[in-house]
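Visitor:
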Amino acid sequence: MPELPEVETIVSDLRPHLVGRTIVSCDLLFPTIVRHPEPELFIDSVAGMHIESVGRRGKFILIGLGDGLLLVVHLGMTGQLRLVDPATPLQNHTHAVFSLDDGRHLRYRDPRRFGRLLLGTEEDLLSSKKMPRLGPEPIDPGFLAEELYRRLHKRRTALKAVLLDQAAIAGVGNIYADESLHRAGLRPDRIAGTVSRKKAQKLHESLRDSLRTAIENRGSSVDTYRDAWGKIGGQQEKLLVYGRAGEPCFTCGRPLSMIRIAGRSTVFCRHCQR
Ligand SMILES: [Zn+2]
Numbered sequence: 008m009p010e011l012p013e014v015e016t017i018v019s020d021l022r023p024h025l026v027g028r029t030i031v032s033c034d035l036l037f038p039t040i041v042r043h044p045e046p047e048l049f050i051d052s053v054a055g056m057h058i059e060s061v062g063r064r065g066k067f068i069l070i071g072l073g074d075g076l077l078l079v080v081h082l083g084m085t086g087q088l089r090l091v092d093p094a095t096p097l098q099n100h101t102h103a104v105f106s107l108d109d110g111r112h113l114r115y116r117d118p119r120r121f122g123r124l125l126l127g128t129e130e131d132l133l134s135s136k137k138m139p140r141l142g143p144e145p146i147d148p149g150f151l152a153e154e155l156y157r158r159l160h161k162r163r164t165a166l167k168a169v170l171l172d173q174a175a176i177a178g179v180g181n182i183y184a185d186e187s188l189h190r191a192g193l194r195p196d197r198i199a200g201t202v203s204r205k206k207a208q209k210l211h212e213s214l215r216d217s218l219r220t221a222i223e224n225r226g227s228s229v230d231t232y233r234d235a236w237g238k239i240g241g242q243q244e245k246l247l248v249y250g251r252a253g254e255p256c257f258t259c260g261r262p263l264s265m266i267r268i269a270g271r272s273t274v275f276c277r278h279c280q281r
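Just so you know, we're using the numbering used here here: the sequence shown kicks off at 8 and counts up by one.
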């Protein structure tokens, strides 16, 4: 599933190409990929809109269309948002095609269809519960270690489950939760509230390092993730624990363990993480 670094890569690639463009029309090949408003209204509303901004909040892509209106894309498990020449053959599982005034196509493709497209103002999407309320952005300079400590301190659940909770911290998923907990030397199944202020500081640093390094390497293509040009990322070869259950820990050489937390497979080192 694309997480913060993968979504950030797509957003920063698309921004210089989309800002200033106008959406001429939209074709929905699988209309129910639009969750808000009704697909017909969605098509009518985006046509003729000018793209003013391209941003990200958590794992959500936010395309600003003026007057506070946002075209929101969530990639779900297997979503891909690509900018292509219109002559590019339509791939199967393409659900939406936006034709731009420079002749190019912005295409949304999603084999497993867990992704979604939304259109509305932020208030409208939040109050209708089409978009969840999200916690702070972990790579934001204003997100301090003390804030992470406070958010962990009040929780009686597994540490990893808090990192995955989008209302606690936005944008972190299975890959970067496992990676940052390993870097911080913290067990994923430890109760979040037992993490000391000092350890929370270490986790804050590890989390930001893991996410920033992954952004520099253009994300992790562990399964179907592709950037806006259809290319794979570079971080998947540099992951320390994710996807390496049973393989030796790079620090101590002992085999990495796998457990399930919050329904997600979780890889860690029983020796290096406490
Ligand atoms: Zn180890």
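All C-beta atoms in this analysis are idealised placements derived from N, C-alpha and C, irrespective of residue type, glycine included.
1) What is the DSSP secondary structure of D34, reduced to helix, strand or coil?
2) Spell out the partners DSSP gives M265 in its beta bridges.
3) Does DSSP classify L159 as helix, strand or coil?
4) Roughly how many whole angstroms lie between the Cα atoms of P262 and R190?
5) May I have the straight-line CA-CA distance separating L77 from I146, to the nearest angstrom?
6) Cβ of H278 versus every heavy atom of ligand 1: is any distance shorter than 6 angstroms?
7) Report the CB separation of D234 from D20 in whole angstroms; it is logged as a contact under 8 angstroms.
8) By the three-class DSSP mapping on this structure, what secondary structure does R219 have?
9) Report the start-end ranges of each beta strand (DSSP E) in the segment 55–92 that is 3 residues or longer and not cut off at the edges.
10) What are the boundary residues of the beta strand (DSSP E) that T95 is part of?
11) Once you ignore the five residues that flank G122 on each side, which residues in its own chain have a CB closer than 6 angstroms to its CB?
12) Less than 6 angstroms separating the Cβ of T164 from some heavy atom of ligand 1?
13) Within the chosen definition, does the segment 165–180 reach the segment 42–60 through at least 3 CB pairs nearer than 8 angstroms?
14) Could you tell me if the beta carbon of T273 falls within a distance shorter than 6 angstroms of some heavy atom in ligand 1?
15) How is G200 classed by DSSP in three states: helix, strand or coil?
16) Start and end of the beta strand (DSSP E) containing F49?
17) May I ask which residues mark the beginning and end of the alpha helix (DSSP H) holding Y183?
Guide: According to the structure shown:
1) Taking the sequence shown and counting its residues from 1, one reaches residue 34 at position 27. The answer is strand: DSSP assigns D34 an E or B state.
2) Sequence index remark: in the sequence shown, residue 265 carries index 258 (1-based). Per DSSP, V274.
3) Counting from 1 along the sequence shown, the entry for residue 159 is found at position 152. Note: L159 maps to helix in three-state DSSP.
4) Position 255 of the sequence shown holds residue 262. Position 183 of the sequence shown holds residue 190. Taking the straight line joining both Cα atoms gives about 16 angstroms.
5) As a working mapping, residue 77 is identified with position 70 in the sequence shown. As a working mapping, residue 146 is identified with position 139 in the sequence shown. Each residue's alpha carbon lies about 22 angstroms from the other.
6) Stepping through the sequence shown from its first residue, residue 278 is reached at position 271. Yes; taking the cut-off as 6 angstroms, the Cβ of H278 has a heavy atom of ligand 1 nearer than that.
7) Against the sequence shown, residue 234 aligns to sequence position 227. Against the sequence shown, residue 20 aligns to sequence position 13. The Cβ separation is near 6 angstroms, so the contact holds.
8) Position 212 of the sequence shown, counted from the start, is the residue given in the question as residue 219. The answer is helix: DSSP assigns R219 an H, G or I state.
9) 60–64, 67–71, 76–81, 87–91
10) For this step, residue 95 is matched to residue 88 along the sequence shown. Here T95 belongs to no beta strand (DSSP E), and DSSP marks it neither H nor E.
11) Taking the sequence shown and counting its residues from 1, the one referred to as residue 122 is at position 115. So the list reads H81, L82, G83, G86, once near-sequence residues are dropped.
12) Counting from one through the sequence shown, the residue named residue 164 turns up at place 157. Answer for T164: no, Cβ out of range of ligand 1.
13) no
14) Along the sequence shown, read from residue 1 onward, the residue named residue 273 stands at position 266. Answer for T273: no, Cβ out of range of ligand 1.
15) Reading the sequence shown from its first residue, position 193 is the one you call residue 200. Here G200 sits in helix by DSSP.
16) Counting from 1 along the sequence shown, the entry for residue 49 is found at position 42. No beta strand (DSSP E) holds F49; the alpha helix (DSSP H) holding it covers 46–53.
17) Along the sequence shown, read from residue 1 onward, the residue named residue 183 stands at position 176. It spans 181–191 - the alpha helix (DSSP H) in which Y183 sits, taken as one unbroken run.
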